[in-house]
Each structure stands twice: as structure tokens, then as C-alpha cells.
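One structure is given here, and the rest of the page talks about it.
Protein chains: 4
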Amino acid sequence: MSVTPHLFIPGPTNIPDAVRMAMNVPMIDMRSGEYPKLTLPIFEDLKKVFKMKDGRVFIFPSSGTGAWESAIQNTLKPGDKVLMSRFGQFSLLWVDMAERLGLKVELCDEEWGTGVPLEKYADILAKDKAHEIKAVFATHNETATGVTSDIAGVRKALDAAKHPALLMVDGVSSVGSLDMRMGEWGVDCCVSGSQKGFMLPTGLGILAVSQKALDANKANGGMPRCFLAWEDHIKTNDLGYFPYTPATQLLQGLRCSLDLIFAEGLENVFARHHRLADTVSAILAPEGIDSAQIVKTAYYRYNTSLGVGLNKVAGRVFRIGHLGSLDEFMVGGVLFAVEMTMKDCGVPVKFGSGTGAAAEYFNKTSTKAAELPKAKAA
Amino acid sequence: MSVTPHLFIPGPTNIPDAVRMAMNVPMIDMRSGEYPKLTLPIFEDLKKVFKMKDGRVFIFPSSGTGAWESAIQNTLKPGDKVLMSRFGQFSLLWVDMAERLGLKVELCDEEWGTGVPLEKYADILAKDKAHEIKAVFATHNETATGVTSDIAGVRKALDAAKHPALLMVDGVSSVGSLDMRMGEWGVDCCVSGSQKGFMLPTGLGILAVSQKALDANKANGGMPRCFLAWEDHIKTNDLGYFPYTPATQLLQGLRCSLDLIFAEGLENVFARHHRLADTVSAILAPEGIDSAQIVKTAYYRYNTSLGVGLNKVAGRVFRIGHLGSLDEFMVGGVLFAVEMTMKDCGVPVKFGSGTGAAAEYFNKTSTKAAELPKAKAA
Amino acid sequence: MSVTPHLFIPGPTNIPDAVRMAMNVPMIDMRSGEYPKLTLPIFEDLKKVFKMKDGRVFIFPSSGTGAWESAIQNTLKPGDKVLMSRFGQFSLLWVDMAERLGLKVELCDEEWGTGVPLEKYADILAKDKAHEIKAVFATHNETATGVTSDIAGVRKALDAAKHPALLMVDGVSSVGSLDMRMGEWGVDCCVSGSQKGFMLPTGLGILAVSQKALDANKANGGMPRCFLAWEDHIKTNDLGYFPYTPATQLLQGLRCSLDLIFAEGLENVFARHHRLADTVSAILAPEGIDSAQIVKTAYYRYNTSLGVGLNKVAGRVFRIGHLGSLDEFMVGGVLFAVEMTMKDCGVPVKFGSGTGAAAEYFNKTSTKAAELPKAKAA
Amino acid sequence: MSVTPHLFIPGPTNIPDAVRMAMNVPMIDMRSGEYPKLTLPIFEDLKKVFKMKDGRVFIFPSSGTGAWESAIQNTLKPGDKVLMSRFGQFSLLWVDMAERLGLKVELCDEEWGTGVPLEKYADILAKDKAHEIKAVFATHNETATGVTSDIAGVRKALDAAKHPALLMVDGVSSVGSLDMRMGEWGVDCCVSGSQKGFMLPTGLGILAVSQKALDANKANGGMPRCFLAWEDHIKTNDLGYFPYTPATQLLQGLRCSLDLIFAEGLENVFARHHRLADTVSAILAPEGIDSAQIVKTAYYRYNTSLGVGLNKVAGRVFRIGHLGSLDEFMVGGVLFAVEMTMKDCGVPVKFGSGTGAAAEYFNKTSTKAAELPKAKAA
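Residue numbers (the working numbering), protein chains in the order written: chain A, 1 to 378; chain B, 379 to 756; chain C, 757 to 1134; chain D, 1135 to 1512.
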């Protein structure tokens, strides 16, 4: 069929047409005198998205996983103790990485569907008088379950314990969709990627780091590394260049997506995400229904890509991604497709119940009335 | 906002991504030895879409209006008598053109919302023993009202009267979406354009003509003309070239859209259009509601382009185009947007009633069950 | 091979990447309230390119041939006498059109390779005391031979004879590349198209008309017509709309190409064309060498599209188009390819003679010295 | 100006139009059942390009630098002794990486402009009876100087010494342009990237590894790692998936560039590169001329991107990249631009000498004669 599948996975997200256009360009020379005119403003604009007080942003030609690794490699040493929690596939994977890179993980293993356990964190930090814990990790938005954690709360726990540990946040599926206040919350490393709120293809690992993190990097030297090492980027980034070939087309796309975000207004982007249901909905399939079958049916019968349940919730959960470039129409369309899909899979759905409820809600909460041009004259 | 408005006007229609890609190419040389490899198969494949028995297809760098004019200019002489009917904006405009080009129009003026009046046509043709009527005109699908006329019925009326008049059909919003059987129905000129069922931008006037129409062209000479004259195209088309610069990118796009149509299967394309409600729905706004306000609200509040009511039904009717590249999701989305829009405009809509009814219908009539891969294994 | 053929035909010309991007967009609604924001400034900006004093510009979804026809149909009546000259394939075709549309052509048949015969025109006009001649035609740039005619000279001839005839100019391959001063030269209809100086695909017939031409249209009614009739466009254009579906993607591309032209500066664009050898070079192949073989060899052996000789000069002439989006590099490249090609075809070429001479000339006349950033610091 | 700068840096290289089209697509679901239809054939086809006998290919969302790091991290342990040589910026950087990752490098420091010192390597390997050297490194094509090293010769040295060390090759600027025979030459890790011979933007680190390398990985465990770890990819790749979000658009582009390579014929691609001067020419500027000024002038005055001299040869050398998607025309164009540029910078160039010599050579060695269609008939 000629219609491209409708994409509602929790990332990579839909690429706006303007962004696609911005990337569909011939290759340019990343060492020319014109290149910094592209790159330097991007570094500055990213700081606004992360709401940083100090520090800098690194842009790696990698995925978010690379940015996770860069955050760890550049600030911590093998054997360092860190505090982490696990309550979904992506927090799980970050723990796995930390362990494989040689960190000693003090782990809070939580129910999937919960978030960062603030009280436990507070307890553990309070007890760590010797400050053995070098960093505290938090997944801002657990993409596997759609649960958002309270980063300001983690900061409070650190402050209450007067604990000097670095605060490391996974913002891959939150930055650009949910409010991220690195400066206010004292986040030291915030990991993000191009393929979620930035509405781009995968390929940029975006890592925002505080001055405190930069100091830690200098002080302790981190782990053996090269590709994702900060020091090489620091040497060249301020002139608008990179230590090795950058992903130019993605940077051109990022320029465009930042323009779109600022044109809409960062706070408006957050409000839109909130109104359209934040970033991802994880839906528990009724007993006896295989959620993978729901995802498959939506794809092959209704041309709609949903997210599968991952790991512990495979077969039990399916996910609707609604982050990035999205409007009411698209939410209505996916609910329409999901109603039909669930019916096909044996779930007793009343047609129109989901779309009707959403229409009711969107209609009540629409903020666009004032934009109607000539409404009075009509 | 970063989301492109959702397009549900009755043409130009949504351009499939593959077609957009096919047109996003550098300019090529329309006199090179390679060019006919692009053009000759297009001429052949178009014949399949029109289901022609004989004759040929002309491709003009024009809109459908140009193809209308070409059909008249090349087969009729000023002062010729023709039989036409008028029941919507597009049949109205074709009548206007015929009169301006000097034809004597025997006009059946019908209620908007009806179609070609078969019985009247039959009567008039039966009475025209002298065969003064040189051509009979019929609008296959009146885009302004969504009404499809019975072309086979017009042929029957002609045959019953043993009338030799040419049969001229406006297929602009039908060809590629509704079944067009030129050969079987004895259509002599079928006018189409790139921007409806062919899922392309405006810019190609596609005119399919029977051998009988070609003979008439030779016999009577037609009207003064040059740009849209058949004779120049006939001289060059068979070698794969055109008498003046062709719209190459659109031809490259047409190659792709024909591939998409044949890959889906021409009959499957028709079945899909039928299931998703043919080509265009014209909806009468309730008394006291300005349909133009509905269209405006849908656009500015819900990012959705609907069709306005034209001419006689301006302010009373709005239209949802659903021809070309379309699936269930998109129909669900537009109904979702229309429900909210109508509520905003004072129509007492029950949210979920339209989407619910559509989901019910689509779910029952889905033909894709068998395509579910590994359905048994799941 | 993965390299797209290098295009040096005298139109359609190379499409700048920015223009390709601007056209690679989803379809939008040509009746929305936003549409005039695209179209109205285009009408205004085109007037600047044509350097008009009064009148208006029409944009048809047609090729330049359609705009030729529109100019004739809307200002002249069948049987009207007109003065024309013929000295190449495109002036020849316009004469052919005029005759087929019923005009009585007083024809100056000139050697191919010459231009508009100013003295003959002056004589004929002076003798036409009765003002039977209703319009004088001139081909500004004869694309077949590369010869530019003196339009100001034709105006002088008209003024000297105090002749009220309309001045009709074919600017298809000149507007946007050579200076066109409609206001100063008193041009009444100037025909252009999207695919030359405007650096777009074929598909827009652009016709600029003076107030005098508009008055003539009203006064005499012109010929039977509809598709290319001015009156329907006049009714809708001023609001930013069109009487039938416009070629939206091409208009979006035209927006971009106008931006490129104004960014470079209209006069700079002319200067660049002049320096790079105006618009088209027609090269006479040496005796005994088939110029078509040269074109074929360039294409198949060196991936380079040249223009063939047309009609009277077929087999004798080949053409290098250098209008539109072009720089020194490209001219060097095509000369390089042509040297090799001519050698292959038996012409005793000294390799490096053409490229060397061009490098010498370009190097001497380069105007970009001042733009070198930090040249002093280096 | 509307013309995009002509790109002749030694990577990223020019992206063919077909590849740009293939990447200009909406995002698709990398977990759908259709995804492996894209990915699995890519893995297979890459093996053909590398001419592997056994082993597998990894595709990382990284640059070539990431693939360098992956090769080291997955096969060697900190403290392992390796044999390397340094004769240009890229061999230098790989040595730097090896040292930073904790390897003990036995280094052959060579003149820039030479290649891998085969005799020294043979000596060192012969003396290493204890087989302390775990891996031998070789840069196939040193992008900074344009020098190609003899990988078969390195294999010979290893075999002569009956040495079991792994053979690690940097093929970033060679694979897809120069012949790489991993199987025949016994290469164990061959590093490549998307942005050179594969004619894509930066963003894919492509690492081909032999079965011996896979065995070494299992046996010794390598270094701490996660993002670029082979084991996670091995688990998912064979089903057509990746352990984290892949760079889908680049994979779609890679599909297209592989198609282009195979359509031209891998050996024909190599022959074309050889005829057009391999992959990169490093040109020594005459005494007293700053090569950086040449690069700047070419860019700002002639719209042409050349490569600067790097590190030791900064200011002394400039580079012309001619790898990837390239033909004779483009080589002619760049020589034309370079002649003018050098003259501007004070080098006494005879215009036409470079282009003339190239035309002479290309004309003599053209292989396309037979492709001329209908040459006999002409």
C-alpha cells in the first residue's frame, strides 16, 4: 500500500517534514570556514533545551547508548561505587552497562512500573557518610513503562545528605518532551539522543554535562577511552569543529528541529506533550491476550506501528509512543487503530469509547481558540 | 507546530513518500537516448488504468482543465452541438468552457447532488435523429458533491439511440480511484489529471482518447489550437519524446505511482476506495451553521484540511476528500478531528459516534486477515 | 554509475539543491487561509524580475508553450495581422503557433544565427500607416542558436513609427538570466517558463503583461479560450488563489528560486551569466562531423548532456547550455568533457586548449576577491 | 550563489542522488517483522565487499573512530603488546587510541608519505618468538597522504614468521574504493565507515571481523565495554535486529549504495578509482606558499572544497579527494578550479596544463567505447 505505516513507537519518533528536508542535502565540508556557523549556535541552543547553568554539551556520532557510556567513562573509575535503580528495560540496561564497565553498583531493584525510589535513595545517601558513592543514577523517563521519575526529588535527597556524588540522568526519552532543568536540579550528566524529543533519526548521542562533571573528569581521569572521550571534543568544539568526522546531515537536521522547538516555544512543547499524554503509554493486555499479537495485528492489518513490551513485560504490555512531533489528529488515529486491533485480538472493546473519550478531553483542553484568524468576522 | 496539516481535500491528494522520493531528483535530459525508457512504458501503463481497447493517451504539462480543453479543441468545431449536464461545480465549469469555446450546449440543469440524468439523455439522443449532437459529456465523479454518475448508462443511451456522438468523460477525480472502463463503455475522451487518483502534484493533464476520437480529430480538424493539439504529440510520443519540454519530474513520479497502483492491484485500489467511502464525502452542515467556519476551525484548531463547499453550496457543505493514498487510520483521524470541530462550531455531536461507527464498519469489512504473517504460530 | 549526468542542455536547467528541497514537501491545501502568504509575494517578486512598470503576471500550470499561446489568445483576434521574424527553432515554432491560431503573419525569414531584423521591422512598421499590424513579436534569446536580440531596438522602431502595436517578447530562455526591462522597453507580453532562469522543473508558464495588454484584452476580447484565459485568473489572483488547481510544489520552488536570485542580486545574476558566456553556446561541428554523434558520445562516454542541433541545424550544431544555476567549475568541467568528446569524434582538439582559455578568462575576471574572509590575516 | 560547493575532500564523499533519495524517508519501526528484510541482506552484501571467507560484520551507529575502538576493545586486553606504524594523521590517531586504551605499542615511526614498513614488520615479527605481540596494525590507505600500504605484504610477514598475531586493518578510506581481500590476506579486523567508499553520510562504523577474531574475543574477553561490544550485536544481528536503536535511514542508504556498487561491479568500481587517481592526492605546495590559503581560495573564490594538510603537513600540503561517487567530468572540474586557485596564490601555473594532461589520459584509457548505443548506425 502506498501509505507509510503510522509510527507510534516510543522512539525513534516521527520526523517532521521540515527536518527531513533539512537533512536531504549534499555533503558539505566539515573543515570549511563556514562550518562553525552551523555548529556553534547548535551548542548554545542545546544548553537552552537542557536549561543548564554551566558546563557544556557534547555531540557524539553515536546513539544514546554511546552517550550513556561516555557519561560513565569520563567521570568515574573502575571500582567506583554508584547508586542505581532498576524498574524497566532501559534502567536495567544502564545498570548492566555500569557493571560491565567495572562500577560497583548499589542497586535498588524496584517493581516495573514504578520510578526512582526517592526514600531509599535518601536513606542510602544519608548513611554513606564516607561518600563512597561517587554517582547517583536516575532514569528520568523509563521508556519501557512510561513512568517519569522525580529528578528534583533525587537532588533533594542528595542535598539533604549533603552528599557530593554526581547526579547522572538518563533523559533520552524525556529531553525535548518533558521539562529538564539541569541547572535548577543540579544534574551533572544528562544523556540524550537525537531520535526522541529532537525528532531526528538515530545517530547523535547528546550529552550535557555540568561544570562539576567537567571538574570530576579532570580530577580523576575516568576510564580508558578514546571515541567518546570528552577531552578531544573540548579541544575542537569551541571553534565549531569536531575531533573526527561529525554526522553533518544530522546536525543540519538538529538545527531545524531546534528551530521548530523554539518556534513553538519550549514550554508549549512540554504542555503539548502533557496534554497528548506525556511521552509513552504502556498498556497492560487483558489476561490471556498476547500483547505481541496486538502489536503485530496493528502493524499488518491497520498499518500502525506500536511498541512491544520488553523483557519482563514482553507479551503482557504494548506501548503507544506519543512523543516528538505529534498532534490531536494522530492520537485520535492511533486510538482508532488500537480499538479495531484489540477487538481483532479478542478484547471486548466498545468502538468509539477510546476515541470519544480522547475527543472529549482534547476538545475541552484545546488552547488554540485564540489562534483562529478572523473568527469574529466569520 | 512541526506536524504538517493533515490533508483531506478532494484533491490534490496526499503524495505517497515513494512518489515524493521519485520526484526529488536532479533534472535529466529529455532528448537523451535514455529518456524513452522512462516515457514509453508510462504511455502503455496508463492504457491499463483507463482500460482502453484502442486509441492513445496524451500527457500535457497542464492541469486537468487543460485536458478538458484539449478534448474539446481537438474533436469539435465551433458551433457544434453537444449534450451536457450540470449538477455541481465541476460539471458547471466544463459547461462554461464548452460555451466559451463556441459549442452550442444542450444543457440538462440538474439539482446539485444528483448525477448525469440518464433518462433525459436517452430521450434527447433518441429524438436527435439528424445526429446534430456531436458529443455527449458526462462527469464521472462530481468532486463538488461526491456523486458518481453511471457512464455505462450513458453508453447504453447512446447505443439505444444508435447515436454516433462522441462520449466525453471527466474522470479527473475518478480515474485511479474508481473503475474506468473506457473500452467496455465506449468512452472516446477521458480527461484526468495527476493530482487525484495518481497521487501526484498538479501538473499533468492526462487525456485518454479512443481511435474513434482520433478519427474525428483527423476528419473535422477541430478548433484553432497549438499548445494542446494532439497532432504534435502524435508525431513525437511514439518515439518517447514530446513536442515541447515535458514535466520530467512529474513523469518520474507517475512512473512510481503507477508502480504503486499495480503493486496494490488496480481492482484492490478500487475496493479500498469503496470501503473507505469512495472518493469524497460532501456533508451538509446543520441549519444555521456556516460550513466555511467548520473548515476554518478544522484547519486552525485541529491541523486538518477539509474541502469547502463551492459555489451554490458554499457555506452549506463541507467536504472530506478520501481518494488517493489513504487507509483506515487516516479516515479515523479525520473523523476524530471533524467531531471536535463540529462541536466547536455548535453542532451537537456525540464524541466517538463517528469514529465508533467507522471502526465498527472497517473492522467488519477488513480484508487483510489473511496477510497476518505467522498468525497461526502466534 | 552513481554520478548523475552533468546537465548542459539549454533548459531545463540544473535545479539548485535548495530549490529541490523546497519542492520536496507534502501537498498543502490551495484553498486554506495560509495559501496567499505563499502566492501573493511571488506575484510581486516576479514583477521585479521582469522590471515591470504596470500590469500583472500570470502563472499557468503549463509549459512556456502554453504561455506563448495565452499571450496570443488573450490579446489578438483570428485574422489579426502581426509582424514576426524567424531565425531559429523557437522563433519558428512561435510563428507556426500564430498561424495555426489564425493570425496573418507578416514574416521576416532570416538566416539562422541572426536575430530580430531591426531595420526591416522599422521599415515595415513605418509603412503600416493604417496600423493593420496589431502586434510585433520578438524572440529575446533564440535558444536554438544562442543569439540574443535587441528588444530595446524593437521598441525604438515602434516608437519611431509611432506605431500602437503590442510588443510581444519570448523571454523563455532569457528572463532571470539576461536583463529584461519590460517597463523601460515597453514590452506588453513577456513569455517565460519555470525551467530556465528560474531554475525549476518545467510546469509553470509565466506570462508578464503590461496594462496596455490588459486593456487590449478587455477591448477586443481575444480568441475563444478558457484554460489560459486571463479573466479567470484576474478574478482570483489578487486574493492569492487560482481559478483551478495550481502547481503548488512548483510555486514553493519558485519562492525559493526567487529568494536565491535576490540573495545573489538580480544584476549579479546577469553579470555571472555574461561572464560564464551568457545562456547558450551553439557550436558548429567541423565539416564531415555529425554533431548528433558528439552529443551522444558526450552522454554515453563522459556522462554529460549537451544540446543537439534542432531542425535546420540538426547534425551540424551542438549546444552547451549555461544558464541558470552555474559556476566556473561547471563550465570548466563541460569544456573538459567536450574536448575529450570532440577528439573521440575525429575533431583534432588540443587537450587543455579550451579549459586553459576559460581558466585564463575566469581567473582574470573573477569578482570574488573581496569576499575572501581573513585574506589579510592568512 | 545557488550552486552547492563542489566537494573534493577525502571524505565524507559526495552522496549519489539515488542514495540521498533512499535516505529521505519517514522513520520506520526497527522492531517490526519487516525490518530484517532490510538488514539481513545488508550484512550478507557487506561480506562480499570485504571479500571475507568467514566471520561477520558489525554495524555500529558510530563513526569509523568508533569502529577502530570496537576492534581493539573486543579482541585485546589492557597491557597487550601490539605492532603499529605511523606515517600520517590517521595512522597517528590509531596509535594514540591504542595507547590510551592501555595497549603497549611497538611503534615504527615512518616518514609521512611512506606506508607500512614491511621489512621492519617482518624483522620484528620474526624476532618475537614468544609471540608477545598480540596484534599487528596496518593502515590500508592513509587518508592524510594518499599512500596505500601493502596488506598482502603484512600477511606475508606474519606467515613467514609463523606468527599468530591478529591482523588489524584500517580500511576506512579504502573499502569500497580499493580492493580489500580480507579472506585472501587473512585480515582479522577491518575497520570501515559509511562516509567514504560507501558514499553515505557519517554515522555507520562498519567493522568486519574474521572467525579468528571472534574466537579471540571469546577467549580473552577483551576490555571493559558496552556500547561497541560485539556480544550484544551477535545476539540480535542474526535475526535482523540490533541491541539498541540502529541508524535506520543510513541503513536504507547503505542498501542503495551497495546496489549501486554491485550494479557497477565491484571490480569496475576499483578500476574506476584507479583510473581517476585512486582515492586521494596530497599535493605539496611550492616553498613559500601556504597550502591552507590555497584551500581557502578554492572554497571562497571557486566554490570548491579541497582537503587541508593535517598536523605535520599543515600549511604545506593540500589534498584532492577523489574517492566514492566520481567521474571524469568532476576530475576535470576540480583540476580546472585548482589551476585558477594556484595562480591566485602565486604559483606559476600554465592554464590548461593540468586539465589537458588529464583529458589526454582519460581519453586514452576510457573503457566506455563499447557502451555507445547504436554507434555503428550513427
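Just so you know, even glycine gets a beta-carbon here, dropped at the ideal spot from N, CA and C.
Sixteen is the threshold: when 16 or more other Cβ atoms of the shown chains lie within 10 Å of the Cβ of threonine 1173 of chain D, as they do, the residue is buried. Taking CB atoms only, aspartate 656 of chain B has no neighbour in chain A less than 8 Å away. Here isoleucine 511 of chain B is near glutamate 484 of chain B, since their CB atoms are less than 8 Å apart. Nearest to glycine 1236 of chain D by C-alpha distance, out of D/Met1357, D/Arg1435, D/Ser1166 and D/Gly1486, is D/Met1357.
Excluding the 5 residues flanking it on each side, alanine 916 of chain C has same chain C-beta neighbours closer than 8 Å at Ala878, Leu881 and Ala882, in chain order. Cβ neighbours of alanine 607 of chain B within its own chain (closer than 7 Å, five residues either side excluded): Asn452.
Only Asp290, Ala292, Gln293, Lys296, Thr297, Tyr300, Arg301, Tyr302, Asn303 and Thr304 from the segment 278 to 310 of chain A bring a Cβ to less than 8 Å from some Cβ of chain B. For alanine 586 of chain B, the enclosing beta strand (DSSP E) stretches over residues 583 to 587.
Within chain C, the residues placing a beta-carbon under 7 Å from that of serine 441 of chain B are Pro817, Tyr1000 and Thr1001, ordered along the chain.
Your pair threonine 1001 of chain C and threonine 580 of chain B checks out as a contact, with CB atoms roughly 5 Å apart and the cut at 8 Å. Under the three-state reduction of DSSP, glycine 265 of chain A is assigned to coil, being neither helix nor strand.
Residues of chain C with a Cβ closer than 8 Å to the Cβ of proline 26 of chain A are, in chain order, Asp773.
In the three-state reduction of the DSSP assignment, aspartate 1349 of chain D falls in the helix class, which pools H, G and I. When C-alpha distances from leucine 258 of chain A are compared across A/Glu119, A/Ser177, A/Asn311 and A/Val338, the shortest belongs to A/Ser177. Under the criterion of beta carbons closer than 8 Å, asparagine 220 of chain A and methionine 718 of chain B do not qualify as touching, at roughly 56 Å. Taking every protein chain shown into account, the CB of aspartate 1349 of chain D has fewer than 16 other CB atoms within 10 angstroms, so this residue is exposed. Under a criterion of Cβ atoms nearer than 8 Å, no residue of chain D is adjacent to asparagine 830 of chain C; the nearest Cβ is some 33 Å distant. Chain order gives the chain B residues near glycine 822 of chain C as Ser440 and Phe605, where near means a beta carbon separation below 7 Å. With the rule of 3 Cβ pairs closer than 8 Å, the segment 1033 to 1053 of chain C counts as touching the segment 1071 to 1090 of chain C. For valine 1465 of chain D, there is no enclosing beta strand (DSSP E); the enclosing alpha helix (DSSP H) covers residues 1462 to 1478. Distance between glycine 643 of chain B and arginine 301 of chain A, taken at the CA atoms: about 17 Å.
Apart from the 5 residues on each side of it in sequence, isoleucine 765 of chain C sits with its Cβ closer than 6 Å to the Cβ of Ser1061, Gly1063 and Gly1077 in its chain, given in chain order. Here DSSP, grouped into helix, strand and coil, assigns histidine 274 of chain A to helix.
Taking C-alpha positions only, glutamine 589 of chain B is separated from methionine 558 of chain B by approximately 17 Å.
Within its own chain, the residues whose Cβ lies closer than 7 Å to the Cβ of glycine 240 of chain A, once the five positions on either side in sequence are excluded, are Tyr35, Pro36, Thr39 and Leu40, listed in chain order. By the Cβ neighbour-count rule, aspartate 616 of chain B is exposed, with fewer than 16 other Cβ atoms within 10 Å of its own.
For histidine 322 of chain A, no alpha helix (DSSP H) segment is defined, and its DSSP state is neither H nor E.
Look at alanine 513 of chain B here: in three-state DSSP terms it is strand.
Alanine 1038 of chain C carries a strand assignment under DSSP once its states are collapsed to helix, strand and coil.
For aspartate 865 of chain C, the uninterrupted beta strand (DSSP E) segment begins and ends at 860 to 865. With contacts defined as CB atoms closer than 8 Å, glycine 953 of chain C and leucine 1082 of chain C fail to qualify as a contacting pair. At the C-beta level, glycine 869 of chain C and threonine 901 of chain C come within 8 Å of one another.
Annotation for lysine 807 of chain C: no beta strand (DSSP E) segment contains it, and DSSP assigns it neither H nor E.
With a threshold of 8 Å between beta carbons, serine 1328 of chain D makes no contact with chain C.
Contact annotation: in the segment 1332 to 1347 of chain D, residues whose CB is within less than 7 Å of a CB in chain A are Pro1335, Thr1336 and Gly1337.
When the Cα atoms are used, valine 136 of chain A and lysine 51 of chain A turn out to be separated by approximately 20 Å.
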